[in-house]
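See structure below.
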Ligand code: ATP
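Residue numbers (the numbering used here): 4 to 367.
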């Protein structure tokens, strides 16, 4: 059992940079947790504290029920894979993978068995006698992963392990990594600033900003119900649309108005009447039809600025009363720049945010 509990972890550099600020998080045994956030938000620092490479100013780290905060890295039963491959070029693939086992004075037969097994898992068996200098970037990164898993750690920590690979290799290796980790059943923490990687790999994603975890949930939860405007904008491509609307009562019904048009708003928002709100909606949750003649009062009218063919879909960039909006439509939709569109967002997909705090107003 290697669940991980972070209890109120804080790290301050040079007495002023609060890199990690009172972070608490529980990661279940065998869970794949992704730490996601923009550059400088504290992901690596949090990871290094779990590994024992940094010491927190406050808080405790508990792994498998035991407090490891004061233990050195080698006593934590943890393996790490870094962004740079950190593979020894003058050693063969076999010796690279076996390195930790040799340091631990593991028996020779066991070293051979475990090293061959780990090489098999990362599909490097044919390369065991090669020197690492003779490998491609992707192969070297697989050596680094094999070297970590051969130790059979309770916890696997990975810090942007794919970021040095080219796009195609990244895509393939991502799938391999997913299969591998599922097979290993090791508790894994994975740091990335790539939201696609986070969505594809994580059982859960902890989104970080300015040293804090601002939301933690399954990829779908974080994607569909971002807790703040920042999260909705950071996760998803294109990012979630945010429109500034005015909540008004029209004929006794609450409506979110944008210019002369509007959408029905849930009655539970009644307390926010006559105030500005931010309306969040994903590009794929909007139905768009060209406006013919007089526009109906329901829906929003957007002027099409740009259309981009993405393959199966088309991304339409438009403008509603000076505010930008992106809509995903079928690739063959009859939409061209200059065309006015009537937009009907799926009402149950609308998310409402406070215009001041930029936090979601939970209405259901
Ligand atoms: P990236 O994705 O760019 O690696 P990150 O989210 O991993 O970013 P960290 O590397 O954890 O961010 O850094 C968090 C903050 O702490 C940053 O402001 C960084 O400049 C600062 N920081 C990190 N390490 C040190 C250090 N050794 N000394 C001083 N400040 C540091």
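Heads up, the beta-carbon is just placed ideally off N, CA and C, and yes, glycines get one too.
Check for me: the alpha helix (DSSP H) holding residue i runs from which residue to which?
i	result
residue 139	Residue 139 -> no alpha helix (DSSP H), and no H or E assigned at all.
residue 203	198-204
residue 123	111-124
residue 98	96-106
residue 244	Element bounds for residue 244: not the alpha helix (DSSP H) but the beta strand (DSSP E), 244-253.
residue 223	222-227
residue 173	170-187
residue 48	46-54
residue 237	232-237
Any chance the CB of residue i is under 7 Å from a heavy atom of ligand 1?
i	result
residue 16	yes
residue 47	yes
residue 42	yes
residue 20	yes
residue 347	no
residue 275	no
residue 196	yes
Do residue i and residue j have their C-beta atoms within less than 8 Å of each other?
i	j	result
residue 81	residue 165	no
residue 60	residue 15	yes
residue 35	residue 265	no
residue 304	residue 339	no
residue 158	residue 7	yes
residue 12	residue 62	yes
residue 365	residue 215	no
Can you give the beta carbon distance from residue i to residue j, rounded, assuming they're within the 8 Å contact cut?
i	j	result
residue 131	residue 121	The Cβ separation is near 10 Å, so there is no contact.
residue 308	residue 321	6 Å
residue 245	residue 283	5 Å
residue 242	residue 318	About 12 Å; that fails the 8 Å criterion.
residue 231	residue 363	7 Å
residue 87	residue 24	Actually they do not touch by this definition, with Cβ atoms about 27 Å apart.
residue 148	residue 104	Wrong, their Cβ atoms sit about 15 Å apart, outside the cutoff.
residue 209	residue 344	The Cβ separation is near 37 Å, so there is no contact.
residue 272	residue 250	6 Å
By the DSSP assignment, the beta strand (DSSP E) with residue i in it spans what residues?
i	result
residue 22	20-30
residue 311	303-312
residue 13	7-16
residue 317	316-323
residue 211	207-212
residue 258	256-261
residue 356	354-357
residue 63	61-66
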